[in-house]
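Residue numbers (the numbering used here), protein chains in the order written: chain A, 1 to 287; chain B, 288 to 562; chain C, 563 to 923.
Below is one structure, written out as structure tokens; comments come after it.
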Amino acid sequence: MTNLPKTTFYETIFYRLRRGKDEAKRMMEKRKFRLGVFKYTCCAGCEFQLIYFQKHILEIFQNLEIVYFQMGDSNGKEEGPFDIVLIDGAITQAEQADQLKKVRQAAKFLLPIGSCAVNGGIPAIKNSTSELEIEQRVYQQIAPIHSMKAHPIDEYVRVDGCIKGCPMGEADLVEAVTSLLIGKQPNFFNYSVCVECKLKGNLCVLVAYKEPCMGPVTNAGCGALCPSYGRPCYACWGPMEDANAPALAQLFEKIGLSPDDIYRKFTQYGSPKSEFRKGAELYGSKT
Amino acid sequence: MDSIDYQMAQVLDIQMETAAIKSYLFTCVESKIFRFSPGQFNMIGLPGVGEAAISFSSLAIPGSNQFTHTIAGVGNVTRFLERLEIGRRVLFRGPFGRGWPIEEIIGKDLLIVAGGIGLAPLRSFLFYCLENRNRIRDVVLVYGARTTDDMVFAKDLADWQARDDIETIYCVDQYNKESSLRLQVGLVTRFLEKLELDYRNTLAFLCGPEIMMRFVARNLLFQGYAGDQIYVSLERRMRCGTGHCGHCQIGAKFVCQDGPVFQYSDISRFADTLL
Amino acid sequence: MYTDAFLIEKDQFSPWLEVLHQEFRLIGPIEENGFYTFAEIQSVRDLALNYDTTMLGPRKFIYHPEEKICAFRKTPEGFEIEPLGKAAPQILVGVHSCDLHAILVLDKVFLKKGFQDRNYRMWREATVIMGIHCTGVCPNCFCASMGTGPLFEPKEGYDFLLTDFGDRYLIELLGERAEKFILPLKLQRATESDFKKKQEIGRKVENQFKKKIDTTHLVDIILRNQNHPVWKRTAEELCLGCTNCTMVCPTCFCYNQKDEIGFDLIHYERKRYWDSCQELHFAQVHGGNFRFTRMARLRQFVTHKLATWVEQFGCFGCIGCGRCMTWCPTGIDLTEIAKEIMVTEQNKTIRMSEAQQFENG
């Protein structure tokens, strides 16, 4: 086999944890898992979503003890230690990267949540423009501003899987928490939106109505929300593994989208990801 | 039979084979007799985790409900199974598949080539051969492992090496530790040409990493073996074991029902294998 | 098995269905936003029996897209297992010949000797199937080439089979269950001339097909050309890996299982859902993936449908409905792939015979 998929980090880490003695102790004491939630550059929607999950909120917080979670509790302990850390938002400042590395050391599992943390998300739209231009557009005084290009969490530290979505999906979060409880690897969604869309029996909006639907290259988990209402998917969950973005981009051109529109479609969420960049680069700048 | 006939099994004993591989002795909880043939497998797992196909590493004892699985913790299910303790219960379905062709071996020379944990399904087959030793001719076992530490079934390997009715060649890629076994250094393919077997009357049985089986099979074909004299045991990910879920298909074959043991010529004609 | 044929007036047909509707779930083609789809029917008036094709075939009412198969409860002694799902009696109305064949194919997969799929068998037995013959062709269908239409020939797999004669239907019956339903109606028995009329309709439809494929040497040709450039080119330029082809295919049977874990860690539910060989992780094992490239996955789909299925189940996996190419966003057409391979084969034979002629002087 020439192309071996990389062993994911959470595989190795879950493996280690399972053999760890403190894990056995934790099970004996029925101690809750220590949760940390950190927020970087984003809208905080995922953090909000965490306390907004109405269906499973009780069960989730019954099994988690909040150690650091600014939106839920202002008296957090930033230094940990944590069993599980959820990271919200992309990294756009050097200080954020410094803190992230410290958090990684204090955490057993670290999972980016939401598109910004997983794929760069909305903040990464700015990546195609120079930093100075962006700073000047937003701030009057740019002297104290030291921003960098937006990058997802896994470009700075090792991650143990990711909970995709914008905001993050409930199904994946529940899977992560229940997997933590019984000590197995989580099975996150790893196929395209089309699978979920067909399972629901939706009419394909891309084929039937020639709507520029990003479903074929987008990771599932949302339950094909937009196509279920006859709207094209706009890829808020970021790219699916091994997505063929160039073929879809060329199809959009045939449907009649302008190069600018196609470029925007592939850079709106997850422009730092190579899967989408391949599609965007056919129709736009390469920065 | 139904596709969801779950049975319960209890762990009776655990044997460490290597640092990462353990053998589990199970007993059926509900039934008194559990029959299977060498090379078949069980779908074994736990609710919440899923199921994995694991072949039997022991021989069925007539009138008994015990069976052994040798498990390396590498996947989602097997890592979970690895944590089992004595007395714990698991769910299983089985036995599934077609095992080694035990009717074919009478009067033949047997060449058994195993790599790593691939010895597990061949171990039950070897036990069967040794039970019927007078009905078959020469038996040669070539077993290769990555390092000395990775050799499984150390006690059985020593037993077989001590016997004079079975020729054994054990080899490792890296000789990293003293061992009581007589070991040679090199890949299994290095030792195949020197065997004094008549290829016209020999059946070869391979199990191990698919890439190993590829080179062993090609080596044997080069020596003059026919494709249908070589049997391989394949591994695929499967969900059902009953030939419905489609995951294990190789061309026109379901590994779970038509296999896991195939004649080399029967399976290598399809794409998407390494054979 | 009991067989018979009658003529039923269309005025009589709908009220009869209404009567059956009181007892059964009624499922059939309805129009939705300009497209036809199979759905549960509230009123018989919604039924659009002159439909052309649907995205998802009637398979989804027998082999469900998502289905819970069993529930586990952890007890001190181990586990209690309870099979889930109970089939409700239902009538599938207006199943075209290709989809009837597809159900026969699925029967071969799920109800074969050895192991039977519990949930499929349950729903299959609870389903009364009323087929209908097409009176026209769709732009992408080629059932005549695959031997699955336009008339449904086998005497199995259906309870009723309708043929549209304009003001009335020819209704063919199969099995005692069908006889019981039709008895109260006191219909006029069909005659030889009615069957001739049916054959006539079939012939008329047969001449309309635009898409055709020659299946005489198809299996060998596909299996011989597993490394043909068409696979790689199509996979890179067109295939999105979106799985639409396999999801809409009426004979695709692969599924995946997922366990839902209760937060109490006592209750678990195992559900299964349609899976697709076009999905990257489908053939993944520890340490590798046997179909890592998109090319290998696309090749698996086409080869399975047009070639290896024959050895596996004794029939083609493709029933010629054309759904995979209709609903493929980039329009990948498996007949075009097969034809391209055939052209290369022909050129090869021509070149070889030319070379032979040259040698012979």
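Just so you know, even glycine gets a beta-carbon here, dropped at the ideal spot from N, CA and C.
Neighbour flag for residue i against chain C, beta carbons, 8 Å
i, result
"Y52 (chain A)", "no"
"G384 (chain B)", "no"
"K265 (chain A)", "no"
"D559 (chain B)", "yes"
"F412 (chain B)", "no"
"S555 (chain B)", "no"
"A539 (chain B)", "yes"
"S192 (chain A)", "yes"
"K32 (chain A)", "no"
"D437 (chain B)", "no"
"K126 (chain A)", "no"
"Y15 (chain A)", "Unreliable placement is indicated for Y15 (chain A), whose pLDDT of 45 sits below 50; no coordinate value is reported for it."
"H531 (chain B)", "yes"
"M499 (chain B)", "no"
"G161 (chain A)", "no"
"D452 (chain B)", "no"
Interface flag, residue i vs chain A, CB-CB below 8 Å
i, result
"V542 (chain B)", "no"
"F502 (chain B)", "no"
"H419 (chain B)", "It should be noted that the sequence gives Asn, not His, for residue 419 (chain B). N419 (chain B) does not count as touching chain A."
"F367 (chain B)", "yes"
"N352 (chain B)", "no"
"N363 (chain B)", "yes"
"Y835 (chain C)", "yes"
"K717 (chain C)", "no"
"D300 (chain B)", "no"
"L490 (chain B)", "no"
Contact under 8 Å by Cβ, residue i with residue j
i, j, result
"I733 (chain C)", "F722 (chain C)", "yes"
"E275 (chain A)", "P239 (chain A)", "yes"
"R376 (chain B)", "V336 (chain B)", "no"
"G80 (chain A)", "A106 (chain A)", "yes"
"I288 (chain A)", "P112 (chain A)", "Since the displayed chain A opens at 1 and closes at 287, residue 288 (chain A) lies outside it and no answer follows."
"S128 (chain A)", "C166 (chain A)", "no"
"T41 (chain A)", "A90 (chain A)", "yes"
"M708 (chain C)", "F878 (chain C)", "yes"
Bounding residues of the alpha helix (DSSP H) (the contiguous stretch that carries residue i)
i, result
"W685 (chain C)", "R680 to E687"
"R795 (chain C)", "P791 to E799"
"A664 (chain C)", "S659 to F672"
"C494 (chain B)", "No alpha helix (DSSP H) contains C494 (chain B), which is instead part of the beta strand (DSSP E) from T489 to C494."
"L406 (chain B)", "L406 to E418"
"A917 (chain C)", "L896 to N922"
"I783 (chain C)", "L780 to R786"
"D172 (chain A)", "E170 to I182"
"E454 (chain B)", "E454 (chain B) -> not in any alpha helix (DSSP H); beta strand (DSSP E) instead, spanning E454 to Q461."
"K636 (chain C)", "That residue, K636 (chain C), is in no alpha helix (DSSP H); its beta strand (DSSP E) goes E628 to T637."
Residue i, enclosing beta strand (DSSP E) - first and last residue
i, result
"H829 (chain C)", "H829 to W836"
"A44 (chain A)", "Careful: A44 (chain A) lies outside any beta strand (DSSP E) and carries neither H nor E."
"A752 (chain C)", "Unbroken run through A752 (chain C): none, as it is neither H nor E."
"L111 (chain A)", "A107 to I113"
"Y731 (chain C)", "R730 to L736"
"V548 (chain B)", "V548 to Q550"
Residue-level contact to chain B via CB, residue i, 8 Å cutoff
i, result
"V671 (chain C)", "yes"
"I182 (chain A)", "yes"
"K21 (chain A)", "The pLDDT assigned to K21 (chain A) is 48, lower than 50, so where the model puts this residue is not dependable; a value taken from the coordinates is nonetheless given after this. It does not: the Cβ of K21 (chain A) has no partner Cβ on chain B nearer than 8 Å."
"Q185 (chain A)", "yes"
"V864 (chain C)", "no"
"T870 (chain C)", "yes"
Residue i beta carbon near the ligand ADP (any heavy atom closer than 7 Å)
i, result
"F757 (chain C)", "Among the components modelled here there is no ligand, and therefore nothing to report on the ligand ADP."
*Could you run through the region 211-225 of chain A and flag, in chain order, every residue whose CB is less than 9 Å away from some CB of chain C?*
C213, G215, P216 and V217
_Three CB pairs or more closer than 8 Å across the region 245-257 of chain A and the region 211-220 of chain A_ = yes
*Interfacial residues, the region 317-339 of chain B to chain A, with Cβ spacing under 7 Å*: Going along the region 317-339 of chain B in chain order, one finds G335 and V336 with a Cβ nearer than 7 Å to chain A.
*Closer than 8 Å, Cβ to any Cβ of chain B: which residues of the region 635-660 of chain C, in chain order?*
K636, E639, G640, F641, I643 and P645
*asked:* Which residues of the region 799-822 of chain C have a Cβ closer than 8 Å to any Cβ of chain A? Give them in chain order.
replied: From the region 799-822 of chain C, only E799, L800, C801, L802, G803, C804, T805, N806, M809, V810 and K820 have a Cβ closer than 8 Å to chain A.
*Specify whether the region 687-699 of chain C and the region 819-833 of chain C touch according to this definition: at least 3 beta carbon pairs, one from each stretch, less than 8 Å apart.*
With a cut-off of 8 Å on Cβ pairs, the region 687-699 of chain C is not in contact with the region 819-833 of chain C, counting fewer than three such pairs.
*Could you run through the region 501-522 of chain B and flag, in chain order, every residue whose CB is less than 9 Å away from some CB of chain A?*
Among the residues of the region 501-522 of chain B, none has a Cβ less than 9 Å away from any Cβ of chain A.
*Is there contact here, the region 851-858 of chain C with the region 742-756 of chain C, by at least three beta-carbon pairs under 8 Å?*
Because the criterion of three Cβ pairs below 8 Å is not met, the region 851-858 of chain C and the region 742-756 of chain C do not touch.
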